[in-house]
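Colleague: These protein sequences, in sequence, are chains A and B. For the first sequence, the numbering used here puts the final residue at 352, and the numbers step up evenly by one. For the second sequence, the numbering used here puts the final residue at 1352, and the numbers step up evenly by one.
Protein chains: 2
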Amino acid sequence: MTEQSLAYGDRMPTIADVAREAGVAPSTVSYVLSGKRAISPGTRARVEAGIARLGYRPNAGARALASASTKIVALVAPLRTDINVPVIMQFVAAIALQCRARDYDVLLVIKDEGPEVLDRIVQGSMADALIVMDVEAHEPRLESLRGSGFPVVLIGVPETPGDFSCVDLDFAAAARVCVERLAELGHRDIALLGPTPAVYERGTSYALRFRDGFEAGAAEAGLRASVHALSPGHHEVEAQVDALLRDEPEVTGLVVHNEAALPALLTALRSRGRDVPERMSIVALCPDDIAEAQSVPLDAVSIPAADVGRRAVELAMGQLAGQLGGQELLPPHLQVRGSAAEPHRVEVTGRP
Amino acid sequence: MTEQSLAYGDRMPTIADVAREAGVAPSTVSYVLSGKRAISPGTRARVEAGIARLGYRPNAGARALASASTKIVALVAPLRTDINVPVIMQFVAAIALQCRARDYDVLLVIKDEGPEVLDRIVQGSMADALIVMDVEAHEPRLESLRGSGFPVVLIGVPETPGDFSCVDLDFAAAARVCVERLAELGHRDIALLGPTPAVYERGTSYALRFRDGFEAGAAEAGLRASVHALSPGHHEVEAQVDALLRDEPEVTGLVVHNEAALPALLTALRSRGRDVPERMSIVALCPDDIAEAQSVPLDAVSIPAADVGRRAVELAMGQLAGQLGGQELLPPHLQVRGSAAEPHRVEVTGRP
DNA sequence: GTACAGTGTCGAAGCGCTTCGACTGTCCCA
DNA sequence: TGGGACAGTCGAAGCGCTTCGACACTGTAC
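In structure tokens:
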């Protein structure tokens, strides 16, 4: 039962070869493989031996053609390098793993190609389902799929989800949790340091939801709050910190939604005498490993990439099985690590 | 000539539908699409109109089956989150873009599944070529493909490349360039701060080549040199910097091959009075944007991800066209930004 | 006027698989 | 003791495409 090593270029063995080898009909081999009909133990054994002996693997194209199912999930991912790269990667990893666990493969589609690409995939039957990451408030790309019945799962929530399944962290709730944490500690003036301006300009769904949640949470808690987009790069961050400290000196707590800027931000604050958490509190939205790797471990709501990815695949599979899924927002969890504390009201009390 | 919007679930139009619509034979439609035979302008126009009217897109599975070519490149990528994530992403982006430009799609395969996965892809005819990122010195996964004639391109160079095509930055030369830069400036004691120990333990090809190049370059230039793996995390980096400064106080120049640790490293050095570049020179190996975003912009050899990715796809396409490619190592380019300077021999001259 | 090379088009034969209906036994229960 | 139910297997049709050889023309050259 040694598996023959096949040179590519030799004709690959087909189901007919296996059938001949095992002395059965091709359809029987197919049924052994799919389990869709009962097979006697003896026959099964002979077929499996034949498969092993020939090193047979079913041809994906033929299978797709005959069964009208590709066992492929198309994953639409943004491959900008400006944002969030590690988080994107975590999503991709989680989704790929989940797909493999269900015997699906992943076709990678780069976002920011036009809608024709998706049509090509869907109408060319290149995949059985579509998972779209990083959805923006408006996604013209997806319009042609609306109501088509083709299984689509969005990671993120567009303005009009329609009948698309959506999964995501509840960014609005996450922002509220961050704000509430600062409010409980006694902060009265806070600021949101968000992603680069480009992200807002694109209308990126999660960034907007986080911002809106921040503003709503602050309003409810009666806090003064402002929002700032944070450009990356050490000098930019320093300049923006200076501007913030100058223009809004009362701010004692920051909510940061910008992983890339965190190291620079912490350095800038310390060098300006605003040590964290004594003289500036920070609550961040970022992956756990990033929160922990900072010079001051950060209180943070983590982005549950693995959970979101898993759920996205589950929803896709559900749709393949005929269920329809709605919007799912995963609840945020704040991990306290010590970067937020009660404010020292130095500016107010006066201090030598 | 309005393209009809198709509901998925409606039977998708086939080449036969288009043929009927245009009043020609299916094979004629096929030849219009492939351009493999001459077609009169009139017929072509009618066929194209029919295609547009029906919104026809060829079925990928059927096409693959009939033509024995999938128009898919399988990309084997590591999705660990411990290393190099942005760089990996740049490779993936570059490869995906290049593939699309050649009308190929990308099937994403996660590394660290067993060899059966690759066999499934190759023998199941799921892809026409394979690009493998992050290759290690020994890749048992690839053994079954050796000599098979299936187009394989490696990003990185294993110990025994055999007939696999390989592309990569010339990491050994890159290390030498870094060492030479420090040597020219007058440094005599240098250290390499490399990636996490796990990367060396895995036998990751590029890390080993960089290290070997570093040691060889230092030997040639007559420098004292040591090698240290750098664990990520702020505290680990601080501890390791302390150890270095204690155990090898004469070191005045660092070669850093560890993007993730750079912010922490710079912070640690400054807080220990070893400002860069005055009291410690640094030359790094990292992407340009990362080098520029540091608190001190770094002299760095960048990883030409886009070039490597492009070349990888070109080599894959070349193999599909019957050419065989060998190893290609791209020359390193050092970008000077001011993080390396002549050493102040403070420890030697004594200074108040 | 016949031969001959194109040129443009068609029909049919697969590519390798799944799946449906049909067929042959067995077994069990009426 | 006959018949239905069921397990196990087979053969053939067909999924939608590509591609090969054949065929009908149209010119052009002798």
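Cβ coordinates follow ideal geometry from the N, Cα and C atoms, glycine included. Since the model is a prediction, treat every value here as computed from it, not as a measurement.
Report yes if the CB atom of A:ALA203 is closer than 9 Å to the CB atom of A:ALA175, and no otherwise.
Modeller: In the sequence under discussion, the amino acid at residue 203 of chain A is Gly, which differs from the Ala named in the question. Cβ atoms of A:GLY203 and A:ALA175: not closer than 9 Å.
Colleague: Which two residues bound the contiguous alpha helix (DSSP H) that contains B:LEU1054?
Modeller: 1041-1054
Colleague: Where A:ALA264 and B:VAL1256 are concerned, what is the direct C-alpha to C-alpha distance, given to the nearest angstrom?
Modeller: 19 Å
Colleague: How far does the alpha helix (DSSP H) with B:ALA1096 in it reach, from first residue to last?
Modeller: 1085-1101
Colleague: Less than 9 Å between the C-beta atoms of B:LEU1254 and B:SER1281, yes or no?
Modeller: yes
Colleague: Which of the three DSSP states, helix, strand or coil, is assigned to A:GLU328?
Modeller: strand
Colleague: The beta strand (DSSP E) with B:VAL1132 in it runs from where to where?
Modeller: 1129-1132
Colleague: Just the chain B side, please: which residues come within less than 7 Å of A:ILE361 by C-beta, in chain order?
Modeller: Nothing about residue 361 of chain A can be read from this structure; chain A reaches only from 1 to 352.
Colleague: Can you tell which of B:CYS1178, B:PHE1164 and B:SER1034 has the C-alpha that lies nearest to the C-alpha of B:GLN965?
Modeller: As displayed, chain B neither begins before 1001 nor continues past 1352, which places residue 965 of chain B out of reach and without an answer.
Colleague: State yes or no: is the beta carbon of B:ARG1274 nearer than 9 Å to at least one beta carbon in chain A?
Modeller: no
Colleague: Residues of chain B with a CB under 7 Å from the CB of A:ASP128: which are they?
Modeller: Here the premise fails: no neighbours, minimum Cβ distance about 11 Å.
Colleague: Could you pull out every residue in the same chain whose Cβ sits closer than 6 Å to the Cβ of B:VAL1132, ignoring the five residues on either side in sequence?
Modeller: VAL1076 and LEU1154
Colleague: I'd like to know whether the C-beta of A:ASN258 is nearer than 9 Å to at least one C-beta of chain B.
Modeller: no
Colleague: Could you work out which residues of chain A lie near B:HIS1138, taking near to mean beta carbons separated by less than 9 Å?
Modeller: Here the premise fails: no neighbours, minimum Cβ distance about 18 Å.
Colleague: Could you work out which residues of chain A lie near B:HIS1234, taking near to mean beta carbons separated by less than 7 Å?
Modeller: Per Cβ cutoff of 7 Å: ALA293, GLN294 and SER295.
Colleague: Kindly indicate the opening and closing residues of the beta strand (DSSP E) around A:SER34.
Modeller: Per DSSP, A:SER34 belongs to no beta strand (DSSP E); it is in the alpha helix (DSSP H), 26-34.
Colleague: Determine, for B:ALA1239, whether the minimum Cβ-Cβ distance to residues of chain A falls below 9 Å.
Modeller: no
Colleague: Going by beta-carbon coordinates alone, are A:VAL179 and A:ALA129 separated by less than 9 Å?
Modeller: no
Colleague: Can you list the beta strand (DSSP E) stretches of 3 or more residues lying completely in the region 110-170 of chain A, in chain order?
Modeller: 129-132, 152-155 and 165-169
Colleague: Let me make sure I understand the geometry here. Which of A:ALA300, A:GLU159, A:ILE290 and A:ASP119 has the alpha-carbon closest to that of B:PRO1058?
Modeller: A:ASP119
Colleague: Would you list the one or two residues that DSSP bridges to A:THR204?
Modeller: A:GLU136
Colleague: Does the beta carbon of B:LEU1051 sit closer than 9 Å to a beta carbon anywhere in chain A?
Modeller: The displayed chain sequence assigns Ile, not Leu, to residue 1051 of chain B. No, because no Cβ of chain A sits closer than 9 Å to the Cβ of B:ILE1051.
Colleague: What is the DSSP secondary structure of A:ARG20, counted as helix, strand or coil?
Modeller: Taken through DSSP and simplified to helix, strand or coil, A:ARG20 comes out as helix.
Colleague: Which first and last residues belong to the alpha helix (DSSP H) in which A:SER281 is found?
Modeller: Where A:SER281 is concerned, there is no enclosing alpha helix (DSSP H), although the beta strand (DSSP E) it sits in stretches over 281-285.
Colleague: Looking at the structure shown, is A:HIS228 part of a helix, part of a strand, or coil, going by DSSP?
Modeller: strand
Colleague: Just how far apart, CA to CA, sit B:ALA1052 and A:ALA64?
Modeller: Approximately 25 Å between the Cα atoms of the pair.
Colleague: Where B:VAL1018 and B:VAL1029 are concerned, what is the direct C-alpha to C-alpha distance, given to the nearest angstrom?
Modeller: 7 Å
Colleague: Quick one: which chain A residues come within Cβ less than 8 Å of B:MET1089?
Modeller: LEU79, THR81, VAL85, ILE88 and MET89
Colleague: Apart from the five residues just before and just after A:SER295, which ones in its own chain have a Cβ nearer than 7 Å to its Cβ?
Modeller: If we look at A:SER295 and ignore the five residues flanking it on each side, its Cβ neighbours are LEU266.
Colleague: Tell me the residue span of the alpha helix (DSSP H) that contains A:ALA312.
Modeller: 305-320
Colleague: Please name the residues in the region 1097-1116 of chain B whose beta-carbon is closer than 8 Å to at least one beta-carbon of chain A, in chain order.
Modeller: LEU1097, ARG1100, ASP1105, VAL1106, LEU1107, LEU1108, VAL1109, ILE1110 and GLU1113
Colleague: Helix, strand or coil for A:VAL106? Go by DSSP, reduced to three states.
Modeller: Looking at A:VAL106 - three-state DSSP - the assignment turns out to be strand.
Colleague: Any beta carbon from chain A within less than 9 Å of B:ALA1316's own beta carbon?
Modeller: no
Colleague: Give the residues of chain B in contact with A:THR70, contact being defined as C-beta atoms less than 9 Å apart.
Modeller: ALA1060 and GLY1061
Colleague: Quick check: the region 1100-1113 of chain B against the region 1035-1051 of chain B, are there 3 or more CB pairs under 8 Å?
Modeller: no
Colleague: In angstroms with no decimal places, state the Cα-to-Cα distance between B:LEU1182 and B:ILE1190.
Modeller: 8 Å
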